[in-house]
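Have a look at the structure below, then the notes.
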Amino acid sequence: MSSIKSRILVKDVMTRNIISISPKSSITEAAKIMSEKDIGGVLVIDENKPIGMLTERDIVRRVVAQGLNPLNTKVEEAMSTPLFFIDANAEVSEAARIMATENIRRLPVMDNGKLVGILTTYDILTIAPELFDALSILKAKPKSKESKSRSDDFMIGWCDSCGEWSDDLREVDGQYLCSECYFEHGGSEI
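According to my numbering, the residues represented by the sequence shown are 3 to 192, in order.
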């Protein structure tokens with residue numbers, strides 16, 4: 003893999019035009035937007051905070067396959083959570099690693115706690131297709147608990163407890179907590 007391409011930053015290749023929808027909107031409304039914009043997913047935003055992602059796959063699995071009526075089913079009932087984020091100044095190779103590890107195709111991009119774009123697999127493939135070749139090998143190997151590095155323990159986003167933005171969320175019992183809430187809930191230093 004070229005060292006030049008691995009140093010490309012997310013902010014340099016992300017899509018700045020963010021297509022979003024309210025969690026209270028219907029699946030039909032979301033599908034119309036996705037069709038009109040020719041996109042495979044929309045960011046779900048509530049009170050100016052990204053809270054989930056609704057994809058074509060979510061609609062097929064959680065609405066159509068379940069026999070639900072898309073006119074009466076709300077986006078919040080079918081969207082994917084938790085939402086994984088990437089920092090605008092992170093390297094594209096890190097974003098590709100997260101996408102491969104978490105089996106996702108879209109990452110909202112944050113800069114100082116503000117949503118500034120979205121990075122898709124298409125954005126990455128356009129500039130560095132070899133990243134996915136290398137990561138598909140990595141993804142095929144199961145990770146042992148012993149090989150988990152400190153950086154794998156953290157993600158960025160809003161704390162589920164206090165609602166504040168954090169660059170070091172930790173998962174505890176299915177909730178993502180900032181370091182302050184993590185320690186308040188009995189977490190120990192890593």
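Ideal placement from N, C-alpha and C gives every residue a C-beta, glycine not left out.
Residue of Ala33, Leu70, Pro25 and Asn91 minimising C-alpha distance to Asp14 | Measuring from the Cα of Asp14, the nearest candidate turns out to be Asn91.
Alpha carbon of Val66 to alpha carbon of Pro84, nearest angstrom = 22 Å
Going by DSSP, what residues sit across from Lys76 in a beta bridge?
-> Residue pairing by DSSP places Lys76 opposite Ser28 in a beta bridge.
Examine the Cβ distances between the segment 94-103 and the segment 72-80 and report whether three or more of them are shorter than 8 Å.
-> No: the two stretches stay apart, fewer than three of their Cβ pairs being nearer than 8 Å.
Of the choices Pro72, Ala32, Pro110 and Ala102, whose alpha-carbon is the least far from that of Lys86?
-> Looking at the sequence itself, residue 86 is Phe, so the reference to Lys does not match. Phe86 has its Cα closest to that of Pro110, out of Pro72, Ala32, Pro110 and Ala102.
Just how far apart, CA to CA, sit Asp89 and Val12?
-> In this structure, the straight-line span from the alpha carbon of Asp89 to that of Val12 is close to 7 Å.
Which residues bound the beta strand (DSSP E) around Ile120?
-> Element bounds for Ile120: Lys116 to Thr122.
At what residues does the beta strand (DSSP E) containing Val46 begin and finish?
-> Gly43 to Asp48
Would a check of beta-carbon distances place Ala32 closer than 8 Å to chain D?
-> Included in the structure is just one protein chain, with no chain D present.
Among Ser28, Gly43 and Glu31, nearest to Ile21 - alpha-carbon criterion = Gly43
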